[in-house]
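Please read the structure below before turning to the comments.
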Amino acid sequence: MFEARLVQGSLLKKILEATKDLLTEATFDCSSTGMSLQAMDSSHVSLVSLMLRSDGFDAYRCDRNLSMGINLTSMTKIIKCSSNDDVVTIKADDNNPDTVTFMFESPNQEKVSDFEMKLMDLDTEHLGIPETDYSVVVKMPAQEFQRVCRDMSQIGESVTICCTKDGIRFSASGDLGTGNIKIAQSANVDKEEEAVVIEMQEAVTLTFALRYLNFFTRATSLSGQVSLSMSPEVPLVVEYKIADMGYMRYYLAPKIED
Amino acid sequence: MPKQANISHYFKVR
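Chains as they are written, first to last, in the working numbering: chain A, 1 to 258; chain B, 1 to 14.
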């Protein structure tokens, strides 16, 4: 028996929005620790990693480990049938292993819907992600990062991110010319969410495909802040924390000189 | 032109 109840049901809409450009299907792994998902995009350039800890749910029961192969397009159709203030419960029954049920309850309990969705048999590969001490970790407002990625993609297909202790510089070039956006570390901020904080061991310069960075920024509604972790010659980690529950992380392989 | 690397080049299949 698996049952996970989320009063803030709209969170699932945000999570699906945050994966839609990268994934069409994925396996949700459910265990007593929580629900997680790890999947590469179809071109194997990036990796999506979602963690929703069991203690972040309003009720959670998972008697045995369970892998649910889910067509995310189908799940999106079903989750769209919920209202933003609905309580969502995800259920899977051991006697019926080929389906998952989504139950939506209106806050006043007057409307209750349930949708049963067929599961898929997915042959997914899990990648082992090594623990890494990153040379640079930048925390910045998620909306600011979204804006930078959008603006840089007006200029070129790639962005070079250069991070020093003074700030983070995004540069792009293309047929029309070049663009640079430099964001300094905040001197002092009233609101933590508006801060730009740079933790640095050594300066790093890396180049990434803007197409993917723009896909990642679909997660902006999940968190006020985003963190960018970088080390020379390894994938960038873009992390959006999901309050009191876990995270949505994206790993993006860098562009490397031929 | 720099080339796009593959993510599984960095993270091994478990």
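The beta carbon of each residue, even a glycine, is placed where N, CA and C say it ideally should be.
Predicted, not measured: the structure shown is a model, and the values here were computed from it.
Straight-line Cα distance separating residue j from residue i
i: residue 65 of chain A; j: residue 205 of chain A; result: 41 Å
i: residue 131 of chain A; j: residue 13 of chain B; result: 15 Å
i: residue 88 of chain A; j: residue 192 of chain A; result: 30 Å
i: residue 31 of chain A; j: residue 184 of chain A; result: 42 Å
i: residue 38 of chain A; j: residue 161 of chain A; result: 26 Å
i: residue 154 of chain A; j: residue 46 of chain A; result: 22 Å
i: residue 104 of chain A; j: residue 4 of chain A; result: 12 Å
i: residue 166 of chain A; j: residue 112 of chain A; result: 53 Å
i: residue 279 of chain A; j: residue 80 of chain A; result: The question about residue 279 of chain A has no answer, for chain A in this structure spans 1 to 258.
i: residue 99 of chain A; j: residue 122 of chain A; result: 14 Å
i: residue 143 of chain A; j: residue 194 of chain A; result: 10 Å
i: residue 244 of chain A; j: residue 175 of chain A; result: 45 Å
i: residue 222 of chain A; j: residue 252 of chain A; result: 19 Å
i: residue 230 of chain A; j: residue 170 of chain A; result: 14 Å
i: residue 156 of chain A; j: residue 4 of chain B; result: 15 Å
i: residue 217 of chain A; j: residue 250 of chain A; result: 10 Å
i: residue 246 of chain A; j: residue 14 of chain A; result: 14 Å
i: residue 173 of chain A; j: residue 179 of chain A; result: 6 Å
i: residue 36 of chain A; j: residue 108 of chain A; result: 30 Å
i: residue 97 of chain A; j: residue 115 of chain A; result: 15 Å
i: residue 248 of chain A; j: residue 22 of chain A; result: 13 Å
i: residue 242 of chain A; j: residue 177 of chain A; result: 38 Å
i: residue 82 of chain A; j: residue 106 of chain A; result: 9 Å
i: residue 182 of chain A; j: residue 44 of chain A; result: 30 Å
i: residue 232 of chain A; j: residue 110 of chain A; result: 55 Å
i: residue 78 of chain A; j: residue 188 of chain A; result: 44 Å
i: residue 152 of chain A; j: residue 92 of chain A; result: 44 Å
i: residue 125 of chain A; j: residue 236 of chain A; result: 20 Å
i: residue 6 of chain B; j: residue 224 of chain A; result: 29 Å
i: residue 129 of chain A; j: residue 50 of chain A; result: 13 Å
i: residue 258 of chain A; j: residue 84 of chain A; result: 48 Å
i: residue 186 of chain A; j: residue 133 of chain A; result: 23 Å
Residue i beta carbon near the ligand ADP (any heavy atom closer than 7 Å)
i: residue 222 of chain A; result: This structure simply doesn't include the ligand ADP, nor any ligand for that matter.
Pair within 8 Å by beta-carbon distance, residue i and residue j
i: residue 141 of chain A; j: residue 207 of chain A; result: no
i: residue 28 of chain A; j: residue 68 of chain A; result: yes
i: residue 256 of chain A; j: residue 2 of chain B; result: yes
i: residue 53 of chain A; j: residue 76 of chain A; result: no
i: residue 159 of chain A; j: residue 228 of chain A; result: no
i: residue 24 of chain A; j: residue 48 of chain A; result: no
i: residue 234 of chain A; j: residue 10 of chain B; result: yes
i: residue 226 of chain A; j: residue 240 of chain A; result: yes
i: residue 163 of chain A; j: residue 219 of chain A; result: no
i: residue 9 of chain A; j: residue 86 of chain A; result: yes
i: residue 117 of chain A; j: residue 61 of chain A; result: no
i: residue 147 of chain A; j: residue 214 of chain A; result: no
i: residue 58 of chain A; j: residue 7 of chain A; result: yes
i: residue 70 of chain A; j: residue 119 of chain A; result: yes
i: residue 8 of chain B; j: residue 11 of chain A; result: no
Run through the stretch 51-102 of chain A for me and flag every whole alpha helix (DSSP H) of 4 or more residues, listed as ranges in chain order. 72-79
At a CB distance below 7 Å, what residues from the stretch 39-54 of chain A approach chain B? Give them in sequence order. 40, 44, 45, 46, 47
Proximal residues, the stretch 219-252 of chain A versus chain B, C-beta separation under 8 Å: 234, 235, 251, 252
The stretch 199-218 of chain A in contact with the stretch 135-153 of chain A per 3-pair CB rule at 8 Å: yes
Listed from N- to C-terminal order along the chain, which residues in the stretch 166-180 of chain A have their beta-carbon within a distance smaller than 8 Å of any beta-carbon of chain B? none
At a CB distance below 8 Å, what residues from the stretch 190-210 of chain A approach chain B? Give them in sequence order. 207, 209
Which parts of the stretch 88-167 of chain A are runs of the beta strand (DSSP E), unbroken and 3 residues or longer, counting only runs that do not cross its ends? 99-105, 112-118, 136-141, 158-163
Going residue by residue through the stretch 161-216 of chain A, where are the continuous alpha helix (DSSP H) segments of at least 4 residues, counting only ones entirely within it? 210-216
Under 9 Å, CB to CB, which of the residues in the stretch 128-152 of chain A have a partner in chain B? 128, 129, 130
With 9 Å as the C-beta to C-beta threshold (strictly closer), list the residues of the stretch 67-97 of chain A near chain B in chain order. none
For the stretch 7-33 of chain A, which residues have a CB atom closer than 7 Å to at least one CB atom of chain B, in sequence order? none
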